[in-house]
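In our numbering, each residue's number is its place in the sequence shown (first place is 1) plus 1.
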Amino acid sequence: QELDEIARDCITWASSFVRAVSQFAFPANPSAAFASAHRRALDRMAAARAPSPALLWLPPDAGDAGGAGWTVFDFGREFHRQGALAESGEPLTRWQVLRNGYTLIPSYPSHLLLPAGLAMSEIEAVVSFRSRGRIPAVTWVNPIKGNVLARSSQPQAGLANRRCAADEKLLRLYLEMSPADTFYVADARNVMAAVGNKVKGKGVESSDHYASTRVLFLNIGNIHAMRDSLSRVRALVQPGAAADRWASRLDSTGWLRHVWLVVAGSERVARLLHVEGASVLLHCSDGWDRTAQLSATAQLILDPFYRTMEGFAVLVEKDWLAFGHKMQDRIGHASPEYSDHERSPIFIQWLDVVWQIQRQRPRAFEFNERFLLACADALFSGRFGTFLMNTEGERRAARLPQRTASLWGHLLSPWGRACFRNPEYRMHEGPLWIATTQRKIALWEALYLRWNPEAWPLLPSIHTPAIALTPRGRLSGSSASAAADVGDD
């Protein structure tokens, strides 16, 4: 009889598990996502001031009850830190703030930092000239030399080399903000890709039309190349996959070369900004994939704030989420078309890039490797609202800050700081220069090999970092949450 009861309990649990997986694996809309149920459980736990039955693995100080993590990035606070805005949020002499409100440019943040001296009619002209309206907007200001890092989409120049006087004026204003004589456009694509886009009515800036401007091509592949490359890596690291000729097989995936190109391109941009004091405009085609990678990595190299736990959260919120990297399309959460050609591991690749830099200069980062792994897990678990939907405007319209928890509330909680802070961290003032030779790029084993039992003896302490024991002796990470939260609601 006791065995029968155990069997019935197992069947009940298994049925509950199957229902939960069916509901949360690929929900058709954000309101049905796991993140909503997770936020409700966190709020109940906070109200009761005791662990939730569904979250026994998680101490009360580890969640994001009330959604505090959603406020980690504030436009006024961040650009005041950078020296462009007063503490009140008002722009200083050289600047103006465009209140976009998600209407003029739906895929951009609600507020944009632009140079003063550009009229609204000129801004609208630039919107019309840039692909998808994504105009050259400032994301970082050099606190020492005053030059800027801006980002945008490609111009709609076409084969006829169409011009836009307002666009040329905007880039000239950025040039005038720097002590350098040259303004740089860093195009993430290769020359052939840029020329191919001219056939489609788009393309790249012409040095003949933009005064004192030099165009650089960084030769980074598109989303399809990255998806195909990581698929080959996935086949290579599967348990039971052929292990002979490992180095050549890994090289043939092209993944390490793709990662290296992002590292090297970002470091090149950082040197232009810091050493030459030049202003730089970054773009690819639409300015939300490779552009986000290059922009965020260059800032990580240049600005020590972004190498802190809080600063990293601000960087992701600003350059990935606010500037409209299409998380929903690239990952597939809360999308009925989760297997289409828009999927691509762009953000995972960027976390890999961050790890490559951290691997060379570990003491310069306040967060440890497990912090990056937790970000990777959160991207796919659907546990937080942080990575749902494509744009800041969509997330606000869906009221995700009120309905879901933020990843940053979890990682920056007292519990998160105990788990993910690097005990050897020492603030490194100024740029964090690294070796950019391809020889320094390695496979991120803690991510790609952690579920392969054949690799466990090589990684005795971190082969399963997502369920490693925390200082409190409890399990942490997405695997533990999946096991604990399945029966909630």
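Heads up, the beta-carbon is just placed ideally off N, CA and C, and yes, glycines get one too.
Residue range 256-275 is occupied by the alpha helix (DSSP H) that includes TRP261. In the structure shown, VAL238 adopts helical secondary structure according to DSSP, grouped into three states.
Proximity to ARG360 across ARG291, ALA375, ALA314, VAL264 peaks at VAL264, based on C-alpha coordinates. Excluding residues up to 5 positions away in sequence, PRO92, HIS112 lie with their Cβ nearer than 6 Å to the Cβ of VAL98 in the same chain.
Here DSSP, grouped into helix, strand and coil, assigns TRP416 to helix.
The Cβ-Cβ distance between PRO137 and LEU176 does not fall below 8 Å.
If you draw a straight line from the Cα of ALA181 to the Cα of GLY278, it comes to about 6 Å. Taking each of PHE348, ILE124, ALA34, HIS81 in turn and checking the Cα distance to ARG100, the smallest one comes out for ILE124.
Its chain contains TYR449, LEU450, ASN453 as the residues whose beta carbon lies nearer than 6 Å to that of VAL238, once the 5 sequence neighbours on both sides are disregarded; these appear in chain order. For PHE366, the secondary structure class from DSSP, reduced to helix, strand or coil, is coil. Counting only residues of its own chain and dropping the five nearest sequence neighbours on each side, PHE130 has a CB closer than 7 Å to the CB of PRO156, GLN157, CYS165, ASP168.
Judged by DSSP in its simplified three-state form, TRP351 adopts helix. With a threshold of 16 other beta carbon atoms within 10 Å, ASP5 falls short and is exposed. Boundaries of the alpha helix (DSSP H) around TYR175: 166-177. According to the DSSP assignment, ARG100 belongs to the beta strand (DSSP E) that extends over 96-100. For PRO92, the secondary structure class from DSSP, reduced to helix, strand or coil, is strand.
Between LYS327 and ASN223 the beta-carbon gap is near 13 Å, outside 8 Å, which marks them as no contact. Taking ARG135 as reference, the option from LEU401, ALA151, VAL354, LYS146 with the minimal CA-CA separation is ALA151. Closest option to TRP445, judged by alpha-carbon separation, among SER382, ALA120, LEU352, THR405: LEU352. If you look at HIS39, you'll find it isn't in any beta strand (DSSP E); it sits in the alpha helix (DSSP H) that goes 35-49. When secondary structure is reduced to three states using DSSP, ALA189 falls in the coil class, being assigned neither helix nor strand. Using a Cβ-Cβ distance cut-off of 8 Å, the stretch 223-232 and the stretch 201-210 are not in contact, since fewer than three pairs of beta carbons, one from each stretch, lie closer than that value.
Between GLN439 and ARG258 a beta carbon distance of about 7 Å is seen, short of the 8 Å cut, so the two are scored as contacting. Contact annotation: LEU401 and LEU413 have beta-carbon atoms that are not nearer than 8 Å. Nearest to SER213 by C-alpha distance, out of TYR103, ALA271, VAL281, is VAL281. For PRO402, the enclosing alpha helix (DSSP H) stretches over residues 401-404. In this structure, DSSP gives LEU160 a state outside helix and strand, which the three-state scheme calls coil. In this structure THR387 touches SER407 by the C-beta definition: roughly 5 Å separates them, less than 8 Å. In this structure, DSSP gives HIS429 a state outside helix and strand, which the three-state scheme calls coil.
For the 8 Å CB-CB criterion, TRP289 and SER16 do not form a contact.
Between LEU231 and TRP261, the C-beta gap is not smaller than 8 Å, which leaves the two residues out of contact. Around the CB of ASP209, fewer than 16 other CB atoms lie within 10 Å, so the residue is classed as exposed. DSSP places VAL205 in no alpha helix (DSSP H); its state is neither H nor E. Pairing SER154 with SER286 gives a Cβ-Cβ distance under 8 Å.
Nearest Cα to ALA195 within the set GLU79, LEU217, VAL19, THR183: LEU217. For SER296, the closest C-alpha among the options ARG331, TYR185, HIS284 is that of HIS284.
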